[in-house]
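A.B. asks: In my numbering, the protein residues as written are 4 to 1109.
Sharing a structure below in structure tokens format, with a few things to ask.
Right under this line is the structure:
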């Protein structure tokens, strides 16, 4: 008791000391402020020059309205060593103004007797064509009082009668208008240099688009928010040239493959570097970023744009900027999205009677007795179970977002929170997400700015396994026979009781594992950054940026005990996993900018340090026989694994920008990176780039061409790097390894890899030439880019003999890959009238991928790297080899079905009429690996998207298509369910199987084992399909409610909308989705095992602003 009292006294005393210290600190700051002495020198001194002197001699910033004070008024009183308060009183004497001090700001305003009365000012803001401009900021100068124009361009604001209105909007020249007791002020805005002043985010700063010499694609908040998609990656799909984003499955957290300008690495990662609010991420997961928080995304595509990030820039750099505060009164926004979704497409399977007939023919063809399947009166053949219907449902999506933005010139803030819930279309899958973000910008005086960002995300998910060949959750629904009941007469799961059952011996109920297994994952992520900008001189700025990205993932999986007929699980199994990631970065830069006469120079020098720590553990326990005892502590037998890895990157960099006469532009960049992923002798790499641009439209011979607004030619060349491999590949590592000791299997430590101390950076040389053109006052704009990107010193895992006794193939540097392509982006304002507008955005990218060199093996033969096996040993579908694309499809060429008149020739290949036939490429009269050939690429050779937006008054219609083509897809599901082998439920197309009376040339004769099944299962072009598609990705229709109605409800703006996603897909591909891919491995790309199915989604949205 006495101890607790002492603790409480200590807490109170500590709290008192903290308060006292804070009070003394604040008091000392106040005393220091007014104790500063001011000396003003000069024969002719004006108030304006006096204010400038005071700001130089103190840390104060003086804020004033030029309309209320005469800045050219001369001062005739000497000021020498006077206090700041005395000085201000002297300067303002007789001006009718007074001052107050707020947060290191001296704010000057007219005395109360001169401020005049208040009044309500209304008006309409239009552009040069008389059309209303939406979202214009209208602020009473010197205050936080402001509003935003509505859908009709109208605004209304209570202000002082003698105040000044500041009107500003991106892309237009800002204006200041004195009120002068006017109650109606209509404003016409003028475009700011025809959109050339658009600012894009580049490495370590921003640049006017007109000054860019590299290739940068951008998307702003209006385009991001135009589609009701739950992920940032999804909102970017099809929107930017050169940026390929594939939605490879319908997983609830989003499942995307992201590539910029093709595939450059073979066994390393091809993911671009992602940067959020200045923090480079090691984990490229964007599912924990709230789409509603994103204000812009800029993608640095070529070397001249991305080389500032050096070692991680060979696959491009994606810079994401979140919303910041704005000057003016707080703007509260609320949005709600409610919707439902269904699987966009389902497989059609054989009816029960068709499957029965398939069994009959298969048993006959394999010399087995089909009698039991010929009894058509057996009640079992009347069962027609729709497993896809039983294992799926209508999914539900909900999203609620609340945000507030506002602030003053010295303190701006943006705070948001979001909650979303998604009930998956696959039963036993769901997701809950929570997002929080707070961004703050503080100005202290005119020289110091502090920008901070803090965000948190939490996800809770019930997951399903969906990617293994023949065993994914959705695959099992398709592969289960329709004559197997789902439930018995008691309502419990149906299961057979004997393996000898002629109908059900090979079947299990797919719902047992899907609905009973538990697989939960909780993940939390916190990102924080703080940036300080200090203007040392007017032309010299020092910046420090420190950020951290913390991630925590905990998984829990329980496989329960059950007994359903002959299918039992006698022991439960619990697996707990955890992953902790800590990523921090600190960067410092010094930037000098100077403009004189016709010259403009900007120089940046900086240093960066980043560290990434990941710790993972996994523990599995078995032994429980009671499902109520489902925790790890309830188990009796355990196995555990764990890793802890720390990697780091240290860098220095320099960039120089120069322009002459705003016409000739040059950029040079050099970065030196050191990475812990490589050995001491190969740790550092240097990555330079140089680029230039010529704004031809500023030349005399084009200046008078009326229809030409802008024409700029860009050329760049540079070197970037790639370090995306596992850690410590350069050293030989030890790990647990089983081996035989006597008559027992024991576990010890042995080498798991062969270290390569000479391992070094993978690098990419890239040449880019681009053309930016706009016509008819920017009614039409075109961006063209041609690039040639060659990746060399590829980080490749090469196979070693089994005698090496290692489980991981070693990494080496060898070979090169080329990506060449053309990018086209077109934006047009087709029709613009006062009430109606129609705009179009179109982009298309062409890319050709080719392996130039991949080295040789120990025998001096060209190396070739196989992909993964599909269904048979050593029967891979992909092969990476010189002269072909990475992961090219390499397989037998299906040549139809052997017919009756070909029996003699078929026998040479061990086949009979009705068996699959393949092209004999080497004329060996037998089927062997020499008959395999390169038959296509999994990599699209073209892709893009186009959007049409129509606006009529308060109505808006947005229609978006995306497309891709030139690639093939291996439909692995058909290899299992369309080969006329009734072991699994077969797809509806199998009804046309070969018989003597139906000589099909596509579906072989049914079989249940034997050579026919073996041939039908071979990886061949029979299951290789055209991957091109055109998809109506999104349609949204919105209506802005009338301002007059909203005013009565104290609402500034309100918009309701309905939308649909994945509505129609035009494709020859017979699978569920031409974008689907079940592997992220480039060596085995383009294989569709049928992952979590994609969905068609419909939603209703409401957006409110207060």
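For each residue, glycine too, the CB sits at the ideal point set by N, CA and C.
Can you tell me the Cα-Cα spacing of residue 1100 and residue 688, whole angstroms?
C.D. replies: C-alpha separation (whole angstroms): 47 Å.
A.B. asks: What's the call for residue 1105, buried or exposed, on a 16-neighbour Cβ count within 10 Å?
C.D. replies: With fewer than 16 Cβ atoms within 10 Å of its Cβ, residue 1105 is classed as exposed.
A.B. asks: Quick one: residues in its chain with C-beta nearer than 6 Å to the C-beta of residue 665, no 5 flanking neighbours on either side, listed in chain order?
C.D. replies: Correct list: empty, nothing qualifies.
A.B. asks: Using a 10 Å radius around the Cβ and a threshold of 16 neighbouring Cβ atoms, would you call residue 1010 buried or exposed?
C.D. replies: Classification of residue 1010: buried, given that the 10 Å Cβ count is 16 or more.
A.B. asks: For a test of the three-state rule: what should DSSP assign to residue 344, helix, strand or coil?
C.D. replies: Strand at residue 344.
A.B. asks: Using the C-alpha atoms, what's the distance from residue 613 back to residue 455?
C.D. replies: Distance between the alpha carbons of residue 455 and residue 613: 19 Å.
A.B. asks: Over the uninterrupted alpha helix (DSSP H) stretch that includes residue 704, give me the two end residues.
C.D. replies: Segment 703-706, the alpha helix (DSSP H) holding residue 704.
A.B. asks: Secondary structure at residue 590, three-state DSSP: helix, strand or coil?
C.D. replies: The answer is strand: DSSP assigns residue 590 an E or B state.
A.B. asks: By DSSP, does residue 700 sit in helix, in strand, or in coil?
C.D. replies: Helix, per DSSP.
A.B. asks: Assuming the contact rule is C-beta atoms closer than 8 Å, residue 255 and residue 425 should be a hit. Round their C-beta distance to whole Å, please.
C.D. replies: Rounded, the Cβ-Cβ distance is 5 Å, consistent with contact.
A.B. asks: What does the Cβ neighbour count give for residue 108, buried or exposed, with the cut at 16 atoms within 10 Å?
C.D. replies: Buried, by the Cβ-count rule.
A.B. asks: So, for residue 833: in the same chain, excluding its five sequence neighbours on each side, which residues have a beta-carbon less than 7 Å away from its beta-carbon?
C.D. replies: For residue 833, where only same-chain residues beyond five positions count, the Cβ hits under 7 Å are 841, 842, 843.
A.B. asks: Measure from the alpha carbon of residue 1084 to the alpha carbon of each residue in 813, 1058, 871, then state which is nearest.
C.D. replies: Checking every option, the nearest Cα to that of residue 1084 belongs to 871.
A.B. asks: Extract the residue ranges of the alpha helix (DSSP H) inside the stretch 407-495, only unbroken runs of 4 or more that lie entirely within it.
C.D. replies: Those alpha helix (DSSP H) runs which fall completely within the stretch 407-495 and span 4+ residues are 476-482.
A.B. asks: For residue 539, count neighbouring Cβ atoms within 10 angstroms of its own Cβ and tell me buried if that reaches 16, exposed if not.
C.D. replies: Exposed, since its Cβ has fewer than 16 Cβ neighbours within 10 Å.
A.B. asks: Could you please give me the residues that DSSP links to residue 955 through a beta bridge?
C.D. replies: Residue 955 pairs with 839, 958.
A.B. asks: With distance defined between alpha-carbon atoms, name the residue in 567, 881, 950, 559 nearest to residue 488.
C.D. replies: For the residues 567, 881, 950, 559, the minimum Cα distance to residue 488 belongs to 567.
A.B. asks: Is it true that the CB of residue 189 sits closer than 8 Å to the CB of residue 235?
C.D. replies: In this structure, residue 189 does not lie closer than 8 Å to residue 235 by Cβ.
A.B. asks: For the stretch 1014-1029 against the stretch 961-980, are there 3 or more C-beta pairs whose distance is under 8 Å?
C.D. replies: Yes, the stretch 1014-1029 touches the stretch 961-980.
A.B. asks: In whole angstroms, what separates the C-alpha of residue 543 from that of residue 793?
C.D. replies: Computed Cα separation, rounded: 37 Å.
A.B. asks: From residue 758 to residue 652, what distance separates their C-alpha atoms?
C.D. replies: C-alpha separation (whole angstroms): 20 Å.
A.B. asks: On the three-state DSSP scale, how would you describe residue 921?
C.D. replies: Strand at residue 921.
A.B. asks: Determine the DSSP secondary structure at residue 1086, reduced to helix, strand or coil.
C.D. replies: Looking at residue 1086 - three-state DSSP - the assignment turns out to be helix.
A.B. asks: Compute the beta-carbon to beta-carbon distance between residue 963 and residue 400, rounded to the nearest angstrom, for a pair I have assumed lies under 8 Å.
C.D. replies: With a Cβ gap of about 19 Å, residue 963 and residue 400 do not count as contacting.
A.B. asks: For residue 191, which three-state DSSP category applies?
C.D. replies: Reduced to three states, the DSSP call for residue 191 is strand.
A.B. asks: Starting from residue 264 and walking both ways along the beta strand (DSSP E), at which residues does that stretch end?
C.D. replies: Note, residue 264: premise wrong, no beta strand (DSSP E); not H, not E.
A.B. asks: Alpha carbons only, please: which of 140, 360, 485, 333 is nearest the one belonging to residue 377?
C.D. replies: Comparing Cα positions, the closest option is 360.
A.B. asks: What did DSSP end up calling residue 216 once you bin it into helix, strand or coil?
C.D. replies: The answer is coil: DSSP assigns residue 216 none of H, G, I, E or B.
A.B. asks: Measure the alpha-carbon distance for residue 512 versus residue 387 and round it to whole angstroms.
C.D. replies: Whole-angstrom Cα-Cα distance: 14 Å.
A.B. asks: Given that a residue counts as buried once 16 or more other Cβ atoms are within 10 Å of its Cβ, and exposed if not, what is residue 958?
C.D. replies: Classification of residue 958: exposed, given that the 10 Å Cβ count is below 16.
A.B. asks: So, helix, strand or coil for residue 154, using DSSP?
C.D. replies: DSSP places residue 154 in coil when its eight states are reduced to three.
A.B. asks: Measure the C-alpha to C-alpha separation of residue 1102 and residue 210 and round it to an integer number of angstroms.
C.D. replies: So the alpha carbons of these two residues sit roughly 37 Å apart.
A.B. asks: Using the Cβ count rule (16 or more neighbours within 10 Å means buried), how would you classify residue 545?
C.D. replies: Exposed, since its Cβ has fewer than 16 Cβ neighbours within 10 Å.
A.B. asks: Out of 992, 923, 1013, state which residue places its alpha-carbon closest to the alpha-carbon of residue 1004.
C.D. replies: It is 992 whose Cα lies nearest to the Cα of residue 1004.
A.B. asks: Count the other CB atoms within 10 Å of the CB of residue 2; is the residue buried (16 or more) or exposed (fewer)?
C.D. replies: This structure leaves residue 2 out entirely; the chain is present only between 4 and 1109.
A.B. asks: Could you pull the DSSP bridge partners for residue 283 from this structure?
C.D. replies: Looking at the DSSP assignment, residue 283 forms a beta bridge with 278.
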